[in-house]
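Asks: I am attaching a structure below and will ask some questions about it afterwards.
Now the structure itself:
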């Protein structure tokens, strides 16, 4: 093997990886998680199934799906010029407006039919598989939650939110209800709902006078 | 068939049903949901597997698990003399104390290792299977949520909570964060957490002066 071959091999490998992500998302979206197999993903991606088992040895189907979402989050962050997926909450100086924007965008994502089945499948696997769940939480969820922490801390520093409130608790009041409604399909997820949620939570965060 | 046989048949049937619930909960708790089979549940319960397929024709394993939880909720409600599982929030006149009591009890339930795997398995199935999820939400979740609605409405009538706040939104601020933390195992679920959650949510519900 000469060194000159390395870039080509690396490009091929990167292409295969991307093809595997796309195949996993497409198949789960089309036929559901239960009917999607590693063999099916490999066939659609044009790779051997041993490639998938080698790259994702444990709970391969779910692990591929998790990395596909991590890749999407990375791409989305890069598209807006951010360094990582957790840098995504704007700070215009208007906390209510900034949170409404982010929660409305989350509502739109959760309502997107293309991602409904893959997102649900990944959440469900994380709930029953502690190892995958820990990876999901550490790599995908926690960076998003930390973005809320930073935005709430900035509001506290600016005098727009009570500095005695735990930002971690405050952010859970925003994302918890939204995910509860989505996961259990109790009531529709709408922009109006996102706005009401922000308004009620901010009443609790208001600086004490 | 004479009428005199009906009570015996009904008792036998009731005994089998209960044995199936117990077997499903035990097996999922012991070996996880993925490894639990309808055959295994039938064998442990001492019934034929056709009995299970006849009584629960669609998504049988998950449907048995859902009914096992409904049965537990019924029993728990009857144990405290309530008519149904949704009647469970006390009204001592102190909204904060009543909510802390209920959320602390929920924390204890979610932390109970015996029910951890079955509860997670049922939640995960409901997330990916819309029909089962709708049944889970309508029969098990919604009665619990309605108990919060009634308690918050009583507080509004008593002047302890702002009557302009939507009780439905308010209850989601209580149960959403708790379930988010449990499902994604982000941080520990403790009584102190339940108390802080109630305190922060009630700040948002305080009557406007």
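Protein chains in written order, with our numbering: chain U, 983 to 1191; chain R, 983 to 1191.
Note that CB positions come from ideal geometry on N, CA and C, so glycine has one too.
(1) Counting contacts by CB-CB distance shorter than 9 Å, is residue 1020 (chain R) in contact with chain U?
(2) Quick one: grab the DSSP three-state call for residue 1016 (chain U).
(3) Write down the C-beta distance between residue 1053 (chain R) and residue 1026 (chain R) rounded to the nearest angstrom, noting that I regard them as a contact closer than 8 Å.
(4) Just checking my contact of residue 1147 (chain U) with residue 1187 (chain U) at CB under 8 Å: how many whole Å lie between their CB atoms?
(5) For residue 1086 (chain R) and residue 998 (chain R), I'd like the C-alpha separation in whole angstroms.
(6) Is it a yes or a no for the region 1175–1187 of chain U touching the region 1159–1172 of chain R, going by three-plus beta-carbon pairs under 8 Å?
(7) Of the residues that make up the region 1104–1137 of chain R, which ones have a beta carbon closer than 8 Å to any beta carbon in chain U?
(8) In chain order, what are the residue ranges of uninterrupted alpha helix (DSSP H) at least 4 long that sit wholly in the region 1032–1079 of chain R?
(9) Along chain R, which residues have their Cβ under 7 Å away from the Cβ of residue 1157 (chain U)?
(10) What three-state label does DSSP hand residue 1141 (chain R) in the structure shown?
(11) By the criterion of Cβ-Cβ separation under 7 Å, what are the contact partners of residue 1036 (chain R) in chain U?
(12) Would residue 1154 (chain R) pass as an interface residue toward chain U - the criterion being a Cβ-Cβ separation below 9 Å?
(13) Residue 1122 (chain U): which of U:1047, U:1184, U:1018 sits nearest, CA to CA?
(14) State the DSSP-derived secondary structure class of residue 1112 (chain U), mapped to helix, strand or coil.
(15) Within a Cβ cutoff of 7 Å, which residues of the same chain sit near residue 996 (chain R), ignoring the five residues on either side of it in sequence?
(16) Flag residue 1171 (chain U) as yes if its beta-carbon sits less than 9 Å from any beta-carbon of chain R, otherwise no.
(17) By the criterion of Cβ-Cβ separation under 7 Å, what are the contact partners of residue 1186 (chain R) in chain U?
(18) Could you name the residues of chain U that residue 1011 (chain R) contacts, counting a contact when the two beta carbons are closer than 7 Å?
(19) Does residue 1165 (chain U) have its Cβ less than 9 Å from a Cβ in chain R?
(20) Determine, using beta-carbon pairs with one atom in the region 1069–1083 of chain U and one in the region 1125–1138 of chain U, whether at least three such pairs fall under 8 Å.
(21) Quick check on the DSSP output: the alpha helix (DSSP H) that includes residue 1123 (chain U) runs from which residue to which?
(22) Within the region 1127–1190 of chain U, note down every full alpha helix (DSSP H) run reaching 4 residues or more, in order along the chain.
(23) Report yes if the C-beta distance between residue 1118 (chain U) and residue 1166 (chain R) is below 9 Å; otherwise report no.
(24) Report buried or exposed for residue 1030 (chain U), applying the criterion of at least 16 other Cβ atoms within 10 angstroms of its Cβ.
(25) Using the beta-carbon count (16 or more within 10 Å), is residue 1049 (chain R) buried or exposed?
(26) Does any CB atom of chain R fall closer than 9 Å to the CB of residue 1102 (chain U)?
(27) Measure the Cβ-Cβ separation of residue 1143 (chain R) and residue 1070 (chain R) and say whether it is below 9 Å.
Replies: Judging by the given coordinates:
(1) One-based indexing of the second chain puts residue 1020 (chain R) at position 38. Judged by the 9 Å Cβ criterion, residue 1020 (chain R) is not in contact with chain U.
(2) Here residue 1016 (chain U) is taken as the residue at index 34 of the first chain, counted from 1. Coil.
(3) Mapped onto the second chain, residue 1053 (chain R) falls at position 71. Mapped onto the second chain, residue 1026 (chain R) falls at position 44. With a Cβ gap of about 16 Å, residue 1053 (chain R) and residue 1026 (chain R) do not count as contacting.
(4) Mapped onto the first chain, residue 1147 (chain U) falls at position 165. Mapped onto the first chain, residue 1187 (chain U) falls at position 205. Contact holds; Cβ gap of about 6 Å.
(5) Reading the second chain from its first residue, position 104 is the one you call residue 1086 (chain R). Reading the second chain from its first residue, position 16 is the one you call residue 998 (chain R). Their backbone Cα atoms lie some 34 Å apart in a straight line.
(6) no
(7) 1105, 1106, 1107, 1108, 1109, 1110, 1112, 1115, 1116, 1118, 1119, 1123, 1124, 1127
(8) 1042–1061
(9) Start at 1 with the first residue of the first chain, and residue 1157 (chain U) comes out as number 175. The answer, in chain order, is 1162.
(10) Here residue 1141 (chain R) is taken as the residue at index 159 of the second chain, counted from 1. Of the three classes helix, strand and coil, the one that applies to residue 1141 (chain R) here is coil, per DSSP.
(11) Residue numbering aside, residue 1036 (chain R) sits at position 54 when the second chain is read from its first letter. Within 7 Å Cβ-Cβ: nothing; residue 1036 (chain R) doesn't reach chain U, min ~23 Å.
(12) Locating residue 1154 (chain R) in the second chain gives position 172, counting from the first residue. Closer than 9 Å to some Cβ of chain U, the Cβ of residue 1154 (chain R) qualifies, so yes.
(13) Walking along the first chain from the start, residue 1122 (chain U) turns up at place 140. Nearest C-alpha to residue 1122 (chain U): U:1047.
(14) Locating residue 1112 (chain U) in the first chain gives position 130, counting from the first residue. Of the three classes helix, strand and coil, the one that applies to residue 1112 (chain U) here is helix, per DSSP.
(15) Locating residue 996 (chain R) in the second chain gives position 14, where the first residue counts as 1. If we look at residue 996 (chain R) and ignore the five residues flanking it on each side, it has no Cβ neighbours.
(16) Residue numbering aside, residue 1171 (chain U) sits at position 189 when the first chain is read from its first letter. Judged by the 9 Å Cβ criterion, residue 1171 (chain U) is not in contact with chain R.
(17) By one-based count along the second chain, residue 1186 (chain R) stands at place 204. Correct list: 1182, 1183, 1185, 1186.
(18) Residue numbering aside, residue 1011 (chain R) sits at position 29 when the second chain is read from its first letter. Neighbours of residue 1011 (chain R) on chain U: none; closest Cβ ~13 Å, over 7 Å.
(19) Reading the first chain from its first residue, position 183 is the one you call residue 1165 (chain U). Chain R, which has a Cβ nearer than 9 Å to the Cβ of residue 1165 (chain U), makes this yes.
(20) yes
(21) Against the first chain, residue 1123 (chain U) aligns to sequence position 141. Run containing residue 1123 (chain U): none; DSSP gives neither H nor E here.
(22) 1149–1166, 1173–1187
(23) Locating residue 1118 (chain U) in the first chain gives position 136, counting from the first residue. Locating residue 1166 (chain R) in the second chain gives position 184, counting from the first residue. Cβ distance < 9 Å, so residue 1118 (chain U) and residue 1166 (chain R) count as in contact.
(24) Taking the first residue of the first chain as position 1, residue 1030 (chain U) is located at position 48. So residue 1030 (chain U) ends up on the exposed side.
(25) Here residue 1049 (chain R) refers to the residue found at position 67 of the second chain. So residue 1049 (chain R) ends up on the buried side.
(26) The residue given as residue 1102 (chain U) occupies position 120 in the first chain. At least one chain R Cβ lies under 9 Å of residue 1102 (chain U).
(27) Counted from its first residue, the second chain places residue 1143 (chain R) at position 161. Counted from its first residue, the second chain places residue 1070 (chain R) at position 88. Contact: no.
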